[in-house]
Amino acid sequence: MSGWNIAAAQSGSRAGNITWNIEHHLAFIRQAAELNVDLLVFPELSLTGYELPLMAELAMAADAPRLQVFADAAQQYGMSICVGLPLKNQQDVMLSAATFLADGTRFAYSKRNLFGDERQIFSQGSPVPMFGQPQQNVVLAICADISVEQFARDAAQQGADLYATSVLVSEKGYEADCALLARWSETYQMAVLMANHAWPTGAYVSAGKSAFWSPDGQQVVRGGEGEQLIIARRRGSQWHGEVHALHATADR
Numbered sequence: 002m003s004g005w006n007i008a009a010a011q012s013g014s015r016a017g018n019i020t021w022n023i024e025h026h027l028a029f030i031r032q033a034a035e036l037n038v039d040l041l042v043f044p045e046l047s048l049t050g051y052e053l054p055l056m057a058e059l060a061m062a063a064d065a066p067r068l069q070v071f072a073d074a075a076q077q078y079g080m081s082i083c084v085g086l087p088l089k090n091q092q093d094v095m096l097s098a099a100t101f102l103a104d105g106t107r108f109a110y111s112k113r114n115l116f117g118d119e120r121q122i123f124s125q126g127s128p129v130p131m132f133g134q135p136q137q138n139v140v141l142a143i144c145a146d147i148s149v150e151q152f153a154r155d156a157a158q159q160g161a162d163l164y165a166t167s168v169l170v171s172e173k174g175y176e177a178d179c180a181l182l183a184r185w186s187e188t189y190q191m192a193v194l195m196a197n198h199a200w201p202t203g204a205y206v207s208a209g210k211s212a213f214w215s216p217d218g219q220q221v222v223r224g225g226e227g228e229q230l231i232i233a234r235r236r237g238s239q240w241h242g243e244v245h246a247l248h249a250t251a252d253r
């Protein structure tokens, strides 16, 4: 089984400031490249913050020119990159994760299990095929998607090696969500990654503590507070974890 290095970017976002947030994402991407990361996953709505009143104004097309920097970085570093943002789909606004692959491919997954006020703003998404290559196949989920067992089961039945989740989870819901992710990992024998926010955003104070579970449901690594890269490395059939503070710190 080949080696594989995957990471959660536990990043902070400035409310509605896409230009600043893009540059901050690039700092994470550059450090991840130094650490030989193959797949980097950012939290839910990482490019805008979880600022629901701003979503209609900030939503962009999947081929928006300002996103080209992520396509370029994916190709430059040979890395798959998933960022969180609101996307326009004709008249609909979707709560999405845009993925940029090293070969120039890009696509988006949009949240299917919308939560609370999200239902007043966003349209429901639909499944997308997994991406990757043999023994490195990935299926995405966004935050409340993780509470739906059928989504995890579908990922496993497609042949996913990793269920990669972008979230915004506070301390109140953190342990319950971790228990779900550990359960899906063990039940469906696939690794699970959770990328959480580092800073408060919207009305929520994020718990941080992004994490990774191996396919037997065991937590391999858990981050702490603040901006970090939480990395899981597979060698053979064994997983090992690391936590790295972001080199380029920033004021909120």
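If you read the sequence shown in our numbering, its first letter stands for residue 2, the second for the next number, and so on. Glycine included, each C-beta is placed from N, C-alpha and C at the ideal position.
Residue i to residue j span [Cα, whole Å]
i	j	result
Lys-210	Val-70	28 Å
Gly-79	Ala-204	36 Å
Gly-17	Arg-67	15 Å
Gly-242	Ile-231	7 Å
Ala-109	Ile-23	17 Å
Glu-35	Ala-75	13 Å
Leu-40	Gln-190	20 Å
Met-2	Gln-239	Unreliable placement is indicated for Met-2, whose pLDDT of 46 sits below 50; the coordinate value is still reported in the next sentence. Each residue's alpha carbon lies about 10 Å from the other.
Arg-236	Gly-4	5 Å
Gln-11	Gln-92	31 Å
8 Å Cβ cutoff met for residue i and residue j
i	j	result
Gln-196	Val-170	Gln is not the amino acid found at residue 196; the sequence shown has Ala there. No. Outside cutoff.
Ser-111	Leu-88	yes
Ile-7	Leu-163	yes
His-248	Ser-14	no
Ala-99	Ala-63	yes
Ala-57	Val-94	yes
Leu-1	Ser-81	With the chain running from 2 to 253 in the structure shown, residue 1 is simply not present.
Phe-116	Ala-145	yes
Candidates the options, of which the one nearest residue i by Cα
i	options	result
Glu-150	Leu-181, Gln-125, Ser-127 and Pro-128	Leu-181
Leu-53	Glu-119, Ile-82 and Asp-39	Glu-119
Ala-33	Gln-239, Arg-234, Ser-238 and Phe-116	Arg-234
Arg-113	Ile-147, Thr-106 and Gln-134	Ile-147
Ala-161	Arg-31, Ile-143, Ala-145 and Ser-186	Ser-186
Ala-1	Asp-217, Gln-92, Gly-224 and Leu-194	Missing from the structure shown is residue 1; the chain here goes from 2 to 253 and no further.
Glu-228	Phe-43, Ile-122 and Val-38	Phe-43
Rounded distance between the beta-carbons of residue j and residue i, thought under 8 Å
i	j	result
Pro-84	Ser-47	Sequence inspection shows Val at residue 84; the Pro mentioned does not correspond to that position. With a Cβ gap of about 6 Å, Val-84 and Ser-47 count as contacting.
Val-129	Gln-159	Not quite, the Cβ-Cβ distance comes to about 10 Å (not below 8 Å), so this is no contact.
Sequence ranges, alpha helix (DSSP H) only - wholly within the region 6 to 65, length at least 4: For the region 6 to 65, whole alpha helix (DSSP H) runs of length 4 or above, ordered along the chain, are 19 to 35 and 56 to 59.
Unbroken stretches of the alpha helix (DSSP H), 4 residues or longer, contained in the region 91 to 141: Here no run is fully enclosed.
Alpha helix (DSSP H) runs wholly inside the region 212 to 251, at least 4 long, in chain order: For the region 212 to 251, not a single whole alpha helix (DSSP H) run of length 4 or above is found.
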